[in-house]
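Novice: Can you read through this structure? Questions will come right after.
2 protein chains.
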Amino acid sequence: MAYELYYWPGIQGRGEFVRLALEEAGADYVDVARKPKGMDSLMELLEGEQIARPPFAPPFLKDGDALIGQTAAILFYLGPRLRLAPRDEAARLWVHQIQLTIADAVAEAHDVHHPISGGLYYEDQKPEALRVANAFREERIPKFLAWFEAILARNPKGDRHLVGARTTYADLSLFQLIDGLAYAFPRSMKTALKKAPLAAALHAAVAERPRIRAYLASDRRIPFNESGIFRHYPELDG
Amino acid sequence: MAYELYYWPGIQGRGEFVRLALEEAGADYVDVARKPKGMDSLMELLEGEQIARPPFAPPFLKDGDALIGQTAAILFYLGPRLRLAPRDEAARLWVHQIQLTIADAVAEAHDVHHPISGGLYYEDQKPEALRVANAFREERIPKFLAWFEAILARNPKGDRHLVGARTTYADLSLFQLIDGLAYAFPRSMKTALKKAPLAAALHAAVAERPRIRAYLASDRRIPFNESGIFRHYPELDG
């Protein structure tokens, strides 16, 4: 039975981290909310009072009876099933730990353009966003990239993957984080990636994986836009 | 061998979610950074170039050779070992999913007083904090509490626990989230908890568990203060 992914249509958002894993594995899945009446199905699972284990927010995944929310938890569940996680328990938790750190970076990237409230428009929090963007570019992007660079360099199986000798969902998620940051902050990232050559190489290598390359060229890949997590507002790029 | 918890001394912070689990289980553990020279050990694991799987930030846990960062990942690891997680795999992932949602709420609670940058003082981002606090109190606290209330009400094993019929680490973490929010926003929480009686009852019940009660009365429990995640600035409480 096909996996059912539920996420807001029209943006990559956090759903994209799940899509990339499903696409890399060649898995059979439905991107439900992009189908006719799909939003009704999404809202029913999100708000239906009979749902025993309701997700707090999209994305969530339905796999038969299993309904799982939280991007990192979805990937933890899918990892072994899609052969995108190591078999060893400790290594699997390490992949998950990396994913949680990527999730932290994603949340911070979002809050750059929405520092006051997700319920307000960017235009209503622009002065605050300008201040946050400065700190994010100067301190946070370099700090996150330095950590990814360090763990790539220290991987005993080689610096082409975050964990072990094969692609894991964390590699795909790091690709997406870098792709998004490079869209949102092209000037800053050009400089920042010079100090993180291993992370930059991983980003380029993931983009060239056959299934990912086909996916990125397809209309299943929603283009980056200014409704998503990674938004290109030139004034925030310094 | 004792578990080693590494977290910044002087604040409860994210380390507290791990402490509560260790205390409830009566586990043998060392709160390393609060011991003499403990900060040196913490910094060595955080920044030492020979560390194969370095955490991005505290808290992290050392259990023999295992070194695990990210609060939710630490609790996922400890859960079965401390008998604070269900045996069933799906239920264990559900506990984890709840924990990740608690982590999101914790991050938002922190960002209320630090909306611009963790590298600046509260006083340097106070006008922004006042705006964020308003949105957090009016929209986010009620939304999070409503979700916890719903999943408590829908637990087929009874509304006294988030998952199943026994205490899990998610119950302890929800206690801590509510405790922290009630410290930081006493006026708002008094109102908000009236609409979340099951969550309020869980908070009270956890505080009365014998080991938790003893812990809260001990000097191992660091008092809430204005260096931690949950800070009481009356002007942010509306």
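Protein chains in written order, with our numbering: chain A, 71 to 308; chain B, 71 to 308.
All C-beta atoms in this analysis are idealised placements derived from N, C-alpha and C, irrespective of residue type, glycine included.
#1: Taking all protein chains shown into account, decide if Asp181 (chain A) is buried (16 or more other Cβ within 10 angstroms of its Cβ) or exposed.
#2: Could you confirm whether any beta carbon from chain B is found closer than 8 Å to the beta carbon of Leu163 (chain A)?
#3: Could you spell out where the beta strand (DSSP E) holding Lys132 (chain A) opens and where it closes?
#4: Bridge partners of Leu306 (chain B), per DSSP?
#5: Can you give me the Cβ contacts of Pro55 (chain B) inside the same chain, cut-off strictly under 7 Å, excluding the 5 residues immediately before and after it?
#6: Assign Gly80 (chain A) to one of two classes, buried (16 or more other C-beta atoms within 10 Å of its C-beta) or exposed (fewer than that).
#7: Between Arg123 (chain B) and chain A, is there a C-beta pair that is closer than 8 Å?
#8: Consider the Cβ of Trp78 (chain A): report whether some Cβ of chain E lies at a distance smaller than 8 Å.
#9: Quick one: which chain A residues come within Cβ less than 8 Å of Glu296 (chain B)?
#10: In three-state DSSP terms, what is Val100 (chain B)?
#11: List, in chain order, every chain A residue whose beta-carbon is nearer than 7 Å to that of Leu246 (chain B).
#12: Which class does Ala136 (chain B) belong to by DSSP, given the choice of helix, strand or coil?
#13: What is the rounded straight-line gap between the Cα of Ala216 (chain B) and the Cα of Gln82 (chain B)?
#14: Let's test the definition: count the other Cβ atoms within 10 Å of the Cβ of Arg84 (chain B) and tell me whether it reaches 16, buried, or not, exposed.
#15: Any contact between the region 123-131 of chain B and the region 142-153 of chain B? By contact I mean 3 or more CB pairs, one from each, below 8 Å.
#16: Going by beta-carbon coordinates alone, are Gln167 (chain B) and Gln140 (chain A) separated by less than 8 Å?
#17: Rounded to a whole number of angstroms, what is the C-alpha to C-alpha distance between Pro267 (chain A) and Arg153 (chain B)?
#18: Tell me the rounded alpha-carbon separation between Asp229 (chain A) and Ala223 (chain A).
#19: Please report how far the alpha carbon of Lys227 (chain A) lies from the alpha carbon of Ala122 (chain B), in whole angstroms.
#20: For Gly298 (chain B), does the count of other Cβ atoms within 10 angstroms reach 16, so buried, or fall short, so exposed?
#21: Residues of chain A with CB closer than 8 Å to the CB of Glu209 (chain B), please, in chain order.
#22: Can you tell me whether Ala254 (chain B) is buried or exposed? The criterion is at least 16 other CB atoms within 10 Å of its CB, across all chains shown.
#23: Identify the contact partners of Glu198 (chain B) in chain A, using a Cβ-Cβ distance below 8 Å as the criterion.
#24: Expressed to the nearest angstrom, what Euclidean distance is found between the alpha-carbon atoms of Gly234 (chain B) and Pro156 (chain B)?
#25: At which residue ranges does the region 231-275 of chain B contain complete alpha helix (DSSP H) runs of 4 or more residues, listed in the order of the chain?
#26: For the beta strand (DSSP E) holding Tyr375 (chain B), just list the boundary residues, first then last.
#27: If distances are taken between C-alpha atoms only, which option among A:Pro150, A:Asp110, A:Phe126 comes closest to Thr238 (chain A)?
#28: According to a CB-to-CB cut-off of less than 7 Å, which residues of the region 155-179 of chain A neighbour chain B?
#29: Considering only residues of the same chain and omitting the five flanking positions on each side of Arg279 (chain A), which have a CB-CB separation below 8 Å?
#30: Put Tyr147 (chain B) into one of helix, strand or coil per three-state DSSP.
#31: Going by DSSP, what residues sit across from Leu75 (chain B) in a beta bridge?
#32: Leu263 (chain A) and Asp241 (chain A) - do their beta-carbons sit closer together than 8 Å?
#33: Report the residues of the region 129-140 of chain B with a CB closer than 8 Å to any CB of chain A, ordered along the chain.
#34: Determine, for Tyr147 (chain A), whether the minimum Cβ-Cβ distance to residues of chain B falls below 8 Å.
#35: Mapping the DSSP letters down to three states, classify Gly83 (chain B) as helix, strand or coil.
#36: Is the distance from the Cβ of Ala103 (chain B) to the Cβ of Tyr73 (chain B) below 8 Å?
Specialist: Taking the coordinates as given:
#1: Looking up residue 181 (chain A) in the first sequence gives position 111. Asp181 (chain A) comes out buried.
#2: Here residue 163 (chain A) refers to the residue found at position 93 of the first sequence. With 8 Å as the cut-off, Leu163 (chain A) counts as an interface residue toward chain B.
#3: The residue given as residue 132 (chain A) occupies position 62 in the first sequence. Segment 130-133, the beta strand (DSSP E) holding Lys132 (chain A).
#4: The residue given as residue 306 (chain B) occupies position 236 in the second sequence. Paired residues: none, contrary to the question.
#5: The requested residue 55 (chain B) is not part of the displayed model; chain B covers only 71 to 308.
#6: The residue labelled residue 80 (chain A) in the question sits at position 10 within the first sequence. Gly80 (chain A) is exposed by the Cβ-count criterion.
#7: Here residue 123 (chain B) corresponds to residue number 53 of the second sequence, with the count starting at 1. At least one chain A Cβ lies under 8 Å of Arg123 (chain B).
#8: Absent here is chain E; the protein component of the structure consists of chains A and B.
#9: Residue mapping note: residue 296 (chain B) aligns to position 226 of the second sequence, counting from 1. Result: empty, since nearest Cβ-Cβ is about 21 Å, beyond 8 Å.
#10: Counting from 1 along the second sequence, the entry for residue 100 (chain B) is found at position 30. Note: Val100 (chain B) maps to strand in three-state DSSP.
#11: Stepping through the second sequence from its first residue, residue 246 (chain B) is reached at position 176. At residue 246 (chain B) the sequence reads Gln, which differs from the Leu that was named. Within chain A, no residue comes near Gln246 (chain B); the closest Cβ sits about 18 Å away, beyond 7 Å.
#12: Here the question's residue 136 (chain B) lines up with position 66 in the second sequence. Strand, per DSSP.
#13: The sequence position of residue 216 (chain B) within the second sequence is 146, counting from 1. The sequence position of residue 82 (chain B) within the second sequence is 12, counting from 1. Whole-angstrom Cα-Cα distance: 25 Å.
#14: As a working mapping, residue 84 (chain B) is identified with position 14 in the second sequence. Looking at its Cβ environment, which holds 16 or more other Cβ atoms inside 10 Å, Arg84 (chain B) is buried.
#15: yes
#16: Translated into positions along the second sequence, residue 167 (chain B) becomes position 97. Translated into positions along the first sequence, residue 140 (chain A) becomes position 70. Their beta carbons are under 8 Å apart, which means Gln167 (chain B) touches Gln140 (chain A) by this criterion.
#17: Position 197 of the first sequence holds residue 267 (chain A). Position 83 of the second sequence holds residue 153 (chain B). In a straight line, the C-alpha of Pro267 (chain A) is about 43 Å away from that of Arg153 (chain B).
#18: In the first sequence, counting from the first residue as 1, residue 229 (chain A) sits at position 159. In the first sequence, counting from the first residue as 1, residue 223 (chain A) sits at position 153. Those two C-alpha atoms are separated by around 5 Å.
#19: The count along the first sequence starts at 1 and reaches residue 227 (chain A) at position 157. The count along the second sequence starts at 1 and reaches residue 122 (chain B) at position 52. Cα to Cα, Lys227 (chain A) sits roughly 11 Å from Ala122 (chain B).
#20: Start at 1 with the first residue of the second sequence, and residue 298 (chain B) comes out as number 228. Buried, because 16 or more other Cβ atoms sit within 10 Å of the Cβ of Gly298 (chain B).
#21: In the second sequence, the residue the question calls residue 209 (chain B) occupies position 139. Result: Ser187, Gly189.
#22: Along the second sequence, one-based indexing puts residue 254 (chain B) at 184. Ala254 (chain B) is buried by the Cβ-count criterion.
#23: As a working mapping, residue 198 (chain B) is identified with position 128 in the second sequence. Near Glu198 (chain B) (Cβ distances below 8 Å), the residues of chain A are Pro185, Ile186, Glu198, Arg201.
#24: For this step, residue 234 (chain B) is matched to residue 164 along the second sequence. For this step, residue 156 (chain B) is matched to residue 86 along the second sequence. One alpha carbon belongs to Gly234 (chain B), the other to Pro156 (chain B), and they sit about 7 Å apart.
#25: Runs found: 239-254, 256-264.
#26: Residue 375 (chain B) is absent from the model: chain B starts at 71 and stops at 308.
#27: Taking the first sequence and counting its residues from 1, one reaches residue 238 (chain A) at position 168. Cα-wise, what sits closest to Thr238 (chain A) is A:Pro150.
#28: Ala160, Leu163, Trp164, His166, Gln167, Leu170, Thr171, Ala177
#29: Here the question's residue 279 (chain A) lines up with position 209 in the first sequence. Excluding sequence neighbours, Arg279 (chain A) sits near Glu94, Thr237.
#30: For the purposes of this step, residue 147 (chain B) is taken as residue 77 along the second sequence, with counting starting at 1. Tyr147 (chain B) falls in the helix class under three-state DSSP.
#31: Counted from its first residue, the second sequence places residue 75 (chain B) at position 5. B:Asp101, B:Leu131.
#32: The residue given as residue 241 (chain A) occupies position 171 in the first sequence. The residue given as residue 263 (chain A) occupies position 193 in the first sequence. No. Outside cutoff.
#33: Ala136, Ile138, Gly139, Gln140
#34: Within the first sequence, numbered from 1, the residue matching residue 147 (chain A) stands at position 77. When Cβ-Cβ separations below 8 Å define contact, Tyr147 (chain A) makes contact with chain B.
#35: For this step, residue 83 (chain B) is matched to residue 13 along the second sequence. Coil.
#36: Counting from 1 along the second sequence, the entry for residue 103 (chain B) is found at position 33. Counting from 1 along the second sequence, the entry for residue 73 (chain B) is found at position 3. At least 8 Å separates the beta-carbon of Ala103 (chain B) from that of Tyr73 (chain B).
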